[in-house]
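Student: Numbering (our numbering), first residue to last: 373 to 483.
C-beta atoms are modelled at their ideal positions from N, C-alpha and C, and glycine is treated no differently.
Remember, predicted model here, so these are calculated numbers, not experimental data.
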Ligand code: HEC
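1) Comparing alpha-carbon positions, which option in 471, 375, 419 lies nearest residue 440?
2) Check whether the Cβ of residue 470 lies closer than 8 angstroms to any heavy atom of the ligand HEC, and answer yes or no.
3) Count the other C-beta atoms from every protein chain shown that fall within 10 angstroms of the C-beta of residue 466, then say buried if there are 16 or more, exposed otherwise.
4) Quick check on DSSP: helix, strand or coil for residue 421?
5) Can you check which of these residues, 417, 390, 443, is closest to residue 397 by C-alpha distance?
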């Protein structure tokens, strides 16, 4: 049965490598986030990113950030936060990550 862990490792590698690199939080996202929530830190956005790619993919594939408006995100997130069993800190971090990364993706598209 030694093959199983190797296979699992390989599968998780395949899954992780499907996540586009532009989703990793960067300086622009941090600046955007700070504009909305003054105390935002790099750590918080990283935590939000990790939750987004890990826990938010337990039941469905990654939901595209730009597919929904800010209002739609704000509407669906309380429900998804409960589904993912997030505490209030985790919830805030993933929400802030989603909204700031979304803005930056849309801003880049316009250029
Ligand atoms: C326990 C399972 C589960 C988890 C965990 C979960 N979701 Fe969902 N999600 C669903 C289901 C089921 C639907 C579709 C039906 C619905 O809206 O309830 C959905 C729908 C969505 C939609 C589409 C809503 C729409 O109106 O089209 C978005 C966006 C979304 N989820 C984001 C997230 C995010 C972000 C997270 C992480 C915080 C998350 N989900 C975690 C089960 C889950």
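Tutor: On the basis of the supplied data:
1) Position 68 of the chain shown, counted from the start, is the residue given in the question as residue 440. Closest option to residue 440, judged by alpha-carbon separation, among 471, 375, 419: 471.
2) The residue labelled residue 470 in the question sits at position 98 within the chain shown. Because some heavy atom of the ligand HEC lies under 8 angstroms away, the Cβ of residue 470 counts as near it: yes.
3) Your numbering for residue 466 matches position 94 in the chain shown. With 16 or more other Cβ atoms from the protein chains shown falling within 10 Å of its own Cβ, residue 466 counts as buried.
4) Along the chain shown, one-based indexing puts residue 421 at 49. In this structure, residue 421 counts as helix in the three-state DSSP scheme.
5) Here residue 397 refers to the residue found at position 25 of the chain shown. Answer by Cα proximity: 417.
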